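Numbering (UniProt numbering) for the sequence shown: 1 to 159. All residues carry an ideal CB built from backbone N, CA and C; glycine is no exception. As the structure is a prediction and not an experimental result, all values here were calculated from the model.
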Amino acid sequence: MKITLTVNDEAYPLDVEPRRVLADALRDDCGLTGTHLGCEQGVCGACTVLVDGEAVRSCLLLAVQCDGVPIRTVEGLAGADGEPHPLQRAFSAERGLQCGFCTPGFLMLAAGALERDPALGEEEVAALVGSNLCRCTGYEPIRRAIMRAARDHRNGQEA
Numbered sequence: 001m002k003i004t005l006t007v008n009d010e011a012y013p014l015d016v017e018p019r020r021v022l023a024d025a026l027r028d029d030c031g032l033t034g035t036h037l038g039c040e041q042g043v044c045g046a047c048t049v050l051v052d053g054e055a056v057r058s059c060l061l062l063a064v065q066c067d068g069v070p071i072r073t074v075e076g077l078a079g080a081d082g083e084p085h086p087l088q089r090a091f092s093a094e095r096g097l098q099c100g101f102c103t104p105g106f107l108m109l110a111a112g113a114l115e116r117d118p119a120l121g122e123e124e125v126a127a128l129v130g131s132n133l134c135r136c137t138g139y140e141p142i143r144r145a146i147m148r149a150a151r152d153h154r155n156g157q158e159a
């Protein structure tokens, strides 16, 4: 099936099987390997991307469902000049990553949430962080990083 995925403002004309999931299309067809595949059942969140501004598990969404819809992956998070996104800086400052496997999913989940509501509070961030899995950090540094990015955004500062 012929589709066009619009990923990070770039068009990718593809011919995909109707049952191909978005995560595979992003990684294999578009060459964007920042989206990780963990459980492939929508549980871990490593494959989280933004589709039309909403955080979704790309292992559960068919690529054909995203034809012509804006998609943002972790590769599109940094600025056009390559400057890290405030969330990326906050994750680094708060040591919100260790092995890094879950990091793209957390970054995209947090980016979507903060774009919708920059005034996220402790409870919202705790719920957000609890929806993805991390085997290394114990979640506290990730929570601190998201809170730092939200606070800095509210204060007009960079993380």
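Next on the checklist: Using the three-state DSSP reduction, which class does R95 fall into: helix, strand or coil?
Outcome noted: As a position in the sequence shown, residue 95 is number 95, starting the count at 1. Coil.
Item to check | Per-residue burial, N132 [other beta carbons within 10 Å of its own, 16 or more giving buried] | outcome: Mapped onto the sequence shown, residue 132 falls at position 132. Answer is buried; the Cβ neighbour count reaches 16.
Next on the checklist: Please report the straight-line C-alpha distance between residue 160 and I3, rounded to a whole angstrom.
Outcome noted: This structure cannot settle anything about residue 160, because the visible part of the chain is limited to 1 through 159.
Checklist entry - Which residue spans inside the segment 85–138 form an unbroken beta strand (DSSP E) run of at least 3? => result none
Checklist entry - Which one of C102, G42, V21, G121 has the shortest CA to CA distance from C66? => result Along the sequence shown, one-based indexing puts residue 66 at 66. With respect to the C-alpha of C66, the residue from C102, G42, V21, G121 having the closest C-alpha is V21.
Item to check | Same chain, Cβ closer than 7 Å to E94, five either side skipped, listed in chain order | outcome: The residue given as residue 94 occupies position 94 in the sequence shown. Closer than 7 Å at Cβ, skipping near neighbours: P141, R144, A145, R148.
Item to check | Member of E115, Y12, A150, N155 whose CA lies at the smallest distance from the CA of A63 | outcome: Walking along the sequence shown from the start, residue 63 turns up at place 63. That would be Y12, whose Cα lies nearest to the Cα of A63.
Next on the checklist: Using 8 Å for Cβ pairs, my map puts T73 next to V16. What's the rounded Cβ distance?
Outcome noted: Within the sequence shown, the letter at position 73 stands for residue 73. Within the sequence shown, the letter at position 16 stands for residue 16. The Cβ separation is near 17 Å, so there is no contact.
Next on the checklist: Buried or exposed for S58, going by 16 or more other Cβ atoms inside 10 Å?
Outcome noted: For the purposes of this step, residue 58 is taken as the residue at position 58 of the sequence shown. When all chains shown are included, S58 counts as buried.
Item to check | Residue range of the beta strand (DSSP E) that includes R57 | outcome: Numbered from 1 along the sequence shown, position 57 holds the residue referred to as residue 57. Segment 54–57, the beta strand (DSSP E) holding R57.
Checklist entry - In chain order, what residues of the same chain lie with their CB nearer than 6 Å to the CB of A159, ignoring the 5 residues before and after it? => result Translated into positions along the sequence shown, residue 159 becomes position 159. Note that A159 scores 49 on pLDDT, short of 50, meaning its location in the model is unreliable; the coordinates nonetheless yield the value given after this. Excluding positions up to five away in sequence, the list reads P86, R89, A90, R148, A149, D152.
Next on the checklist: Taking DSSP's pairing of strands, which residues face L50 in a bridge?
Outcome noted: The residue given as residue 50 occupies position 50 in the sequence shown. Partner(s): A55, R72.
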